[in-house]
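K.L.:
Here it is, the structure in full.
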Amino acid sequence: MMRGKWLAALCLVPFAIFFIVFQIAPLCWVLINSLQSEEFGWGIANFSKIFSSKFYLQAIQYSLEISFWSSVFGIIIAVLGAYSLRRVDSKLRNFVNAFANMTSNFAGVPLAFAFIILLGFNGSFTIMLKQAGIIQDFNLYSKTGLIILYTYFQIPLGVLLLYPAFDALREDWRESAALLGANGWQFWRHIGLPVLTPALLGTFVILLANALGAYATVYALTTGNFNVLPIRIAAMVSGDISLDPNMASALAVVLVALMTLVTIVHQLLLKRSYHVSR
Numbered sequence: 001m002m003r004g005k006w007l008a009a010l011c012l013v014p015f016a017i018f019f020i021v022f023q024i025a026p027l028c029w030v031l032i033n034s035l036q037s038e039e040f041g042w043g044i045a046n047f048s049k050i051f052s053s054k055f056y057l058q059a060i061q062y063s064l065e066i067s068f069w070s071s072v073f074g075i076i077i078a079v080l081g082a083y084s085l086r087r088v089d090s091k092l093r094n095f096v097n098a099f100a101n102m103t104s105n106f107a108g109v110p111l112a113f114a115f116i117i118l119l120g121f122n123g124s125f126t127i128m129l130k131q132a133g134i135i136q137d138f139n140l141y142s143k144t145g146l147i148i149l150y151t152y153f154q155i156p157l158g159v160l161l162l163y164p165a166f167d168a169l170r171e172d173w174r175e176s177a178a179l180l181g182a183n184g185w186q187f188w189r190h191i192g193l194p195v196l197t198p199a200l201l202g203t204f205v206i207l208l209a210n211a212l213g214a215y216a217t218v219y220a221l222t223t224g225n226f227n228v229l230p231i232r233i234a235a236m237v238s239g240d241i242s243l244d245p246n247m248a249s250a251l252a253v254v255l256v257a258l259m260t261l262v263t264i265v266h267q268l269l270l271k272r273s274y275h276v277s278r
């Protein structure tokens, strides 16, 4: 038994080395550099500048708003899609799953280019909707446009994550609830949603993290002119005029702190869920 434990621990060594080198070490480097300032030396000057600057606060606000609303819309559509797939027993299910797997990786420059063709100022859908009188004006390069774009790549990821969760809902539960006089809404209110709560919360956190860290798509669409945290971080480490890696590290720490806060809230809510409490 001891030999088996040592062998299992030995097998974890490559993973531990990989995790330390590519996760812990860069995070420590970012934390150390975030406390350095070319003007004030060691201290929290970078963080003071971030939280006293309307420009950086706007970047935080826009990042949170776009990530939150795209995650909300994405998970709502993903829930409907995943549930529909579970109810469909045909080859269409495998096709949609394969398509969702493909489109979940369709991001960056190709996705931005596709949306410009479809929903840009002279995009085909934009022109058709204007001619039909449905919209008067639409700006893909605004916050609303980015929410729509982010929601697009959130949906397939949400479907892939939520699809297995519906295996927890047994058909005999629905039949038992119907025999006891419960309608569809009562079944979902008292049985379906409480059972799915852990999966829904976990998926929402993953979608939020996916949106908060998105860079290539928004950069390709707006050429770096929209004020979100990933764009600001990249500008600080690659810009010729505004080169300030220490400030970029401080912004990265803020981004990590936001995700940590979301994860803590998720864990607290998860402990109160029906599935965990049982």
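Numbered by UniProt numbering, the letters in the sequence shown go through residues 1 to 278 in order.
Backbone N, C-alpha and C define an ideal beta-carbon position, used for all residues, glycine too.
(1) May I ask you to report which of helix, strand or coil DSSP gives G158?
(2) Give me the Cα-Cα distance between R87 and S104, rounded to the nearest whole angstrom.
(3) Any heavy atom of the ligand FMN inside 7 Å of the beta-carbon of P245?
(4) Starting from the Cα of G41, find the closest Cα among V262, L261, N246 and give me that residue.
(5) How is Y274 classed by DSSP in three states: helix, strand or coil?
(6) Buried or exposed, going by whether 16 or more other CB atoms sit within 10 Å of the CB of N189?
(7) At a cut of 8 Å, does the segment 47-58 reach the segment 247-254 through at least three beta carbon pairs?
(8) Counting C-beta neighbours from all protein chains within 10 Å, is the total for T263 16 or more, i.e. buried, or is it exposed?
(9) Specify whether the segment 202-217 and the segment 103-120 touch according to this definition: at least 3 beta carbon pairs, one from each stretch, less than 8 Å apart.
(10) Beta-carbon within less than 7 Å of I76's beta-carbon, same chain only, minus the 5 sequence neighbours each way: which residues are those?
(11) Where DSSP assigns a beta bridge to W42, which residues make up the other side?
P.N.:
This is what the structure holds:
(1) Residue 158 sits at position 158 when you count from the first residue of the sequence shown. Looking at G158 - three-state DSSP - the assignment turns out to be helix.
(2) Position 87 of the sequence shown, counting from 1, holds the residue named residue 87. Position 104 of the sequence shown, counting from 1, holds the residue named residue 104. Their Cα atoms are separated by approximately 22 Å.
(3) In the structure on display, the ligand FMN does not appear, and there are no ligands present to speak of.
(4) One-based indexing of the sequence shown puts residue 41 at position 41. G41 has its Cα closest to that of N246, out of V262, L261, N246.
(5) The count along the sequence shown starts at 1 and reaches residue 274 at position 274. Confidence is the limiting factor: at Y274 the pLDDT is only 45, short of 50, which leaves the residue's position unreliable and the question unanswerable from this model.
(6) One-based indexing of the sequence shown puts residue 189 at position 189. In the sequence under discussion, the amino acid at residue 189 is Arg, which differs from the Asn named in the question. Burial call: exposed.
(7) yes
(8) In the sequence shown, the residue the question calls residue 263 occupies position 263. With fewer than 16 Cβ atoms within 10 Å of its Cβ, T263 is classed as exposed.
(9) yes
(10) Numbered from its first residue, the sequence shown carries residue 76 at position 76. If we look at I76 and ignore the five residues flanking it on each side, it has no Cβ neighbours.
(11) On the sequence shown, residue 42 is found 42 positions in, with the first residue counted as 1. In the DSSP output, where bridge partners are listed per residue, W42 has Q36.
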